[in-house]
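Enquirer: Below is the structure I would like to discuss, written out as structure tokens.
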Amino acid sequence: MLTNHRELLVRFQSLIALTLMVLALSLLSDTFLTPENGWNILRQISVNLCLSLGMTLIILAGGIDLSVGAILALSGAVAAGLLKNGVAVTPLEVQLQFTVFGAIVAGLLTGAAAGCFNGWVITQFRLPPFVATLGMFSIARGLTMLWTGGFPITGLGSDFGFLGTGVFLGIPMPVWISGALVGALVVLTRRTRFGRYIYAVGGNERAALLTGLPVNRIKLGVYTLGGLLAGAAGLIVTARLDSAQPNAGLGYELDSIAAVVIGGTSLSGGRGSVVGTVLGCLIIGVLNNGLFLLNVSPFWQQVVKGFVILAAVAIDKMSSRET
Amino acid sequence: MAGRRRWITGTTAAAGTAVLLYFLPLFHVVPLEQAGQRAAAAAYDPVAFVERFWTGQLIPGAARAVDAAELVAAVQQDRQLARETHGRRVGLGGAYYYFIAGSGRVVAVDRNSVGLALCDDQQQVQVLLEAGPIFGNAVRDGTGLLDVNDFANSQDFNALAAEINRRIEQQVLPALRTGAVIGATVRFVGCAEILDEDTDLSPLRIVPFLVETP
């Protein structure tokens, strides 16, 4: 009986933590539990949610990606640059002026290509994901600086800005986008063969290989999806700011890893869920928002966030030891 | 059978993509020359902007400036009240600005400034008109005619300050330097940036953008 209670506690740790935080903040702040603040939190977490969804797949498959923040910046910069300046094809004396749709596709493809490169390096050269994605972190940051010249690309127009600042049926567009991605990834992980393979590879890569699963292809797919989702996050950030900042997304990889871990996904792979990551993002978002409303210094917010991450990992370690 | 199905799937996907791209093209192809003309027209040009701003807003806006003698008297009486009544603060910084017009008698001249006394019986320098190289954002931020939110980025906004200062140096200050002789009356419109009340208010240091000398 006691074990059952403990199992339930471990299983619903994120939900319990989130509920307790919401209850406490509702009592401490008059403005916390209002619809406006609720939408505000959802809008604020949408970028981290996009990144964390990709990170969830990667961590579930037993990997890690330290380059998502840099890929976010590169994707946003590529989309903004193509939309603002187009591409001159000098030999033909023409210029390709990208539409908003074209810029979005280019941004997503950039993210996917960077992610695919990560996967290729990891599977072909057997590099530890930590090292391979650290390399991509530097490559993507450098490419972003080269593409932008170190300056922000601004004035992208209201059509593109709608992605980040628009509201559809009373719901902010970033919330629509991240919500749709959550739905798609829940289906992917729970209802598709590819989703089950991700768990299998992360749970025991050697066993997955011996049972005939195309482990390399699965890893390649997972990192490509991670890059694609980082690209989507880059588009939202760029559209929200109406500007592609060369140093956008600095430190975002750590926030996304934190959200995944707080959401109960095991860092050793094979265990966790997309819904858990959504809860992890909500916990971080509510924590940031609540501490801000309570006038707690941003420096203390970082300290608190650090302790929350440590607690989440410690609980994960204890529960995996027991099982 | 599997090959046939794959062929059908591939063809359907290609046709779907083609239809999608027909209605939602990724890009338009335009001649390079036409694209260059469009880009030039859309590009931000601080020189052209300041040219329009100068004649269209800045000179007509001089009517809004507070009288220098009135301001000096107000500052002498109560700095805080003068700041609240006539001053203008931008952002969260400690600096604030005055938009000032007036006339005074030249009582001191050096390489980089012209000192004015505002009343006939006064021999002390009450206002110091900058006459050397101009730095800072006094005129850009002091008039209240320009809003940073109307600009795409801070570089554009900073370029504006640099261009206003350059224009003052080239078009306003030469006349001030030649016309400012001891005893002459100088009419001016300009802005003062107050960073430190103890040093910047007495005398009041003004960057003039309009100067009339005898």
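Note that the protein sequences, when read in sequence, are chains D and Y.
0 is the number of the first residue of the first sequence in numbering that gives the first Met the number 0; add one for each residue after it.
0 is the number of the first residue of the second sequence in numbering that gives the first Met the number 0; add one for each residue after it.
Note that CB positions come from ideal geometry on N, CA and C, so glycine has one too.
(1) So which residues of chain D does residue 42 (chain Y) contact, with C-beta pairs closer than 8 angstroms?
(2) Pick out the complete beta strand (DSSP E) segments inside the segment 79–128 of chain Y, 3 residues or longer, and give them in chain order.
(3) In this structure, how does DSSP classify residue 173 (chain D) when only helix, strand and coil are distinguished?
(4) Mind reading off the beta-carbon distance from residue 226 (chain D) to residue 56 (chain D)? Whole number of angstroms is fine, and I expect it under 8 angstroms.
(5) Is it the case that the segment 30–49 of chain D contacts the segment 205–223 of chain D, given that we only count it when at least three CB pairs across the two stretches are under 8 angstroms?
(6) My assumption, with CB atoms under 8 angstroms, is that residue 97 (chain Y) sits in contact with residue 70 (chain Y). Please give the rounded CB distance.
(7) Indicate whether at least one CB of chain D lies closer than 8 angstroms to the CB of residue 164 (chain Y).
(8) Just by C-beta distance, which residues in the segment 19–31 of chain Y are closer than 8 angstroms to chain D?
(9) Give the residues of chain Y in contact with residue 97 (chain D), contact being defined as C-beta atoms less than 9 angstroms apart.
(10) Whose C-beta lies closer than 6 angstroms to the C-beta of residue 188 (chain D) among residues of the same chain, with five residues either side of it excluded?
(11) Sorted by chain position, which residues of the same chain lie with C-beta nearer than 6 angstroms to residue 156 (chain D)'s C-beta, five sequence neighbours on each side aside?
(12) When the Cα atoms are used, what is the spatial distance from residue 349 (chain D) to residue 249 (chain D)?
(13) So, residue 98 (chain D) versus residue 24 (chain Y), is the Cβ gap smaller than 8 angstroms?
(14) First and last residue of the beta strand (DSSP E) that includes residue 185 (chain Y)?
(15) Relative to the C-alpha of residue 213 (chain Y), which residue among Y:200, Y:154 and Y:102 is closest?
(16) With a 10 Å radius around its C-beta and 16 neighbouring C-beta atoms as the bar for buried, classify residue 203 (chain Y) as buried or exposed.
(17) Kindly indicate the opening and closing residues of the alpha helix (DSSP H) around residue 88 (chain D).
(18) According to DSSP, simplified to helix, strand and coil, what is residue 43 (chain D)?
(19) Report the rounded CA-to-CA distance for residue 125 (chain Y) versus residue 79 (chain D), giving the unit in angstroms.
(20) If you count every other CB in all the chains shown that lies within 10 Å of the CB of residue 386 (chain D), and 16 or more means buried, which is it?
(21) Counting contacts by CB-CB distance shorter than 8 angstroms, is residue 34 (chain Y) in contact with chain D?
(22) On the three-pair Cβ rule with 8 angstroms, is the segment 119–135 of chain Y touching the segment 143–159 of chain Y?
(23) For residue 288 (chain D), does the count of other Cβ atoms within 10 angstroms reach 16, so buried, or fall short, so exposed?
(24) Between the segment 61–77 of chain D and the segment 227–239 of chain D, are three or more C-beta pairs nearer than 8 angstroms?
(25) Along chain Y, which residues have their Cβ under 8 angstroms away from the Cβ of residue 77 (chain D)?
(26) According to the neighbour-count rule (16 or more other Cβ atoms, all chains shown, within 10 Å of its Cβ), is residue 316 (chain D) buried or exposed?
(27) Using the Cα positions of residue 162 (chain Y) and residue 52 (chain Y), report the straight-line distance between them to the nearest angstrom.
(28) Give, in chain order, every unbroken run of the alpha helix (DSSP H) that is at least 4 residues long and sits entirely within the segment 143–203 of chain D.
(29) Count the C-beta pairs between the segment 60–74 of chain D and the segment 133–144 of chain D that are closer than 8 angstroms, then say yes if the count reaches three, no if not.
(30) List, in order along the chain, the chain D residues whose C-beta lies closer than 7 angstroms to that of residue 137 (chain Y)?
(31) Among the residues of its own chain, which have a CB less than 7 angstroms from the CB of residue 206 (chain Y), if the five just before and after it don't count?
(32) Determine, using beta carbons only, whether residue 261 (chain D) and residue 9 (chain D) come nearer to each other than 8 angstroms.
(33) I need the boundaries of the alpha helix (DSSP H) containing residue 290 (chain D), first residue and last residue.
(34) Quick check on the burial criterion: 16 or more other C-beta atoms within 10 angstroms. Buried or exposed for residue 15 (chain Y)?
(35) Tell me the DSSP secondary structure of residue 256 (chain D) in three-state form.
(36) Out of D:30, D:60, D:48 and D:15, which one is the CA nearest neighbour of residue 223 (chain D)?
Expert: Taking the definition as stated:
(1) Within the second sequence, numbered from 1, the residue matching residue 42 (chain Y) stands at position 43. Correct list: empty, because the minimum Cβ distance to chain D is about 10 angstroms.
(2) 95–109 and 112–116
(3) Mapped onto the first sequence, residue 173 (chain D) falls at position 174. Correct three-state label for residue 173 (chain D): helix.
(4) To locate residue 226 (chain D), count along the first sequence from 1; it is residue 227. To locate residue 56 (chain D), count along the first sequence from 1; it is residue 57. In fact, because the Cβ distance is near 11 angstroms, the residues do not count as touching under 8 angstroms.
(5) Using a C-beta cut-off of 8 angstroms, the segment 205–223 of chain D makes no contact with the segment 30–49 of chain D, since fewer than three inter-stretch Cβ pairs fall below that distance.
(6) On the second sequence, residue 97 (chain Y) is found 98 positions in, with the first residue counted as 1. On the second sequence, residue 70 (chain Y) is found 71 positions in, with the first residue counted as 1. Going by Cβ atoms, the distance from residue 97 (chain Y) to residue 70 (chain Y) rounds to 6 angstroms, so yes, they are a contact pair.
(7) Your numbering for residue 164 (chain Y) matches position 165 in the second sequence. No, residue 164 (chain Y) does not count as interfacial toward chain D.
(8) 23, 24, 25, 26, 27, 28, 29, 30 and 31
(9) Taking the first sequence and counting its residues from 1, the one referred to as residue 97 (chain D) is at position 98. Ordered by position in chain Y, the residues that pass the 9 angstroms Cβ test against residue 97 (chain D) are 25, 26 and 27.
(10) On the first sequence, position 189 is the one that residue 188 (chain D) refers to. Closer than 6 angstroms at the Cβ level, and outside the excluded window around residue 188 (chain D), lie 194 and 273.
(11) As a working mapping, residue 156 (chain D) is identified with position 157 in the first sequence. Counting only Cβ-Cβ distances below 6 angstroms, and skipping sequence neighbours, we find nothing.
(12) Only positions 0 to 322 of chain D appear in the structure, and residue 349 (chain D) is not among them; the question remains open.
(13) On the first sequence, position 99 is the one that residue 98 (chain D) refers to. On the second sequence, position 25 is the one that residue 24 (chain Y) refers to. Closer than 8 angstroms, so yes.
(14) Position 186 of the second sequence, counted from the first residue, corresponds to residue 185 (chain Y). Per DSSP, residue 185 (chain Y) belongs to the beta strand (DSSP E) from 184–193.
(15) Taking the second sequence and counting its residues from 1, one reaches residue 213 (chain Y) at position 214. Of the listed residues, the one whose Cα sits closest to residue 213 (chain Y) is Y:102.
(16) Along the second sequence, read from residue 1 onward, the residue named residue 203 (chain Y) stands at position 204. Burial call: buried.
(17) Start at 1 with the first residue of the first sequence, and residue 88 (chain D) comes out as number 89. Counting along the chain, residue 88 (chain D) falls outside any alpha helix (DSSP H), though it belongs to the beta strand (DSSP E) covering 86–88.
(18) As a position in the first sequence, residue 43 (chain D) is number 44, starting the count at 1. If DSSP states are grouped into helix, strand and coil, residue 43 (chain D) belongs with the helices.
(19) Here residue 125 (chain Y) refers to the residue found at position 126 of the second sequence. Here residue 79 (chain D) refers to the residue found at position 80 of the first sequence. Looking at the two C-alpha atoms, the distance is approximately 52 angstroms.
(20) Summary: the structure shown does not reach residue 386 (chain D), with chain D confined to residues 0 through 322, and so no result is reported for it.
(21) Here residue 34 (chain Y) corresponds to residue number 35 of the second sequence, with the count starting at 1. So, interface residue.
(22) no
(23) In the first sequence, residue 288 (chain D) corresponds to position 289, counting from 1. By the neighbour-count rule (16 or more Cβ atoms within 10 Å), residue 288 (chain D) is buried.
(24) Short answer: they touch.
(25) Position 78 of the first sequence, counting from 1, holds the residue named residue 77 (chain D). Within chain Y, no residue comes near residue 77 (chain D); the closest Cβ sits about 13 angstroms away, beyond 8 angstroms.
(26) For the purposes of this step, residue 316 (chain D) is identified with residue 317 of the first sequence, where counting begins at 1. When all chains shown are included, residue 316 (chain D) counts as exposed.
(27) Position 163 of the second sequence, counting from 1, holds the residue named residue 162 (chain Y). Position 53 of the second sequence, counting from 1, holds the residue named residue 52 (chain Y). Rounded to whole angstroms, residue 162 (chain Y) to residue 52 (chain Y) spans 11 angstroms at the Cα level.
(28) 157–164, 172–190 and 192–202
(29) yes
(30) As a position in the second sequence, residue 137 (chain Y) is number 138, starting the count at 1. Counting only Cβ-Cβ distances below 7 angstroms, residue 137 (chain Y) has no contacts in chain D at all, with the closest Cβ about 26 angstroms away.
(31) For the purposes of this step, residue 206 (chain Y) is identified with residue 207 of the second sequence, where counting begins at 1. Here the set comprises 129, 133, 137, 138, 167, 189 and 190.
(32) Residue mapping note: residue 261 (chain D) aligns to position 262 of the first sequence, counting from 1. Residue mapping note: residue 9 (chain D) aligns to position 10 of the first sequence, counting from 1. Their beta carbons are not under 8 angstroms apart, which means residue 261 (chain D) does not touch residue 9 (chain D) by this criterion.
(33) Looking up residue 290 (chain D) in the first sequence gives position 291. Taken as a continuous stretch (DSSP letters only), the alpha helix (DSSP H) holding residue 290 (chain D) covers 273–292.
(34) Here residue 15 (chain Y) is taken as the residue at index 16 of the second sequence, counted from 1. When all chains shown are included, residue 15 (chain Y) counts as exposed.
(35) Taking the first sequence and counting its residues from 1, one reaches residue 256 (chain D) at position 257. Residue 256 (chain D): helix per DSSP, three-state reduction.
(36) Your numbering for residue 223 (chain D) matches position 224 in the first sequence. Ranking D:30, D:60, D:48 and D:15 by Cα distance to residue 223 (chain D) puts D:60 first.
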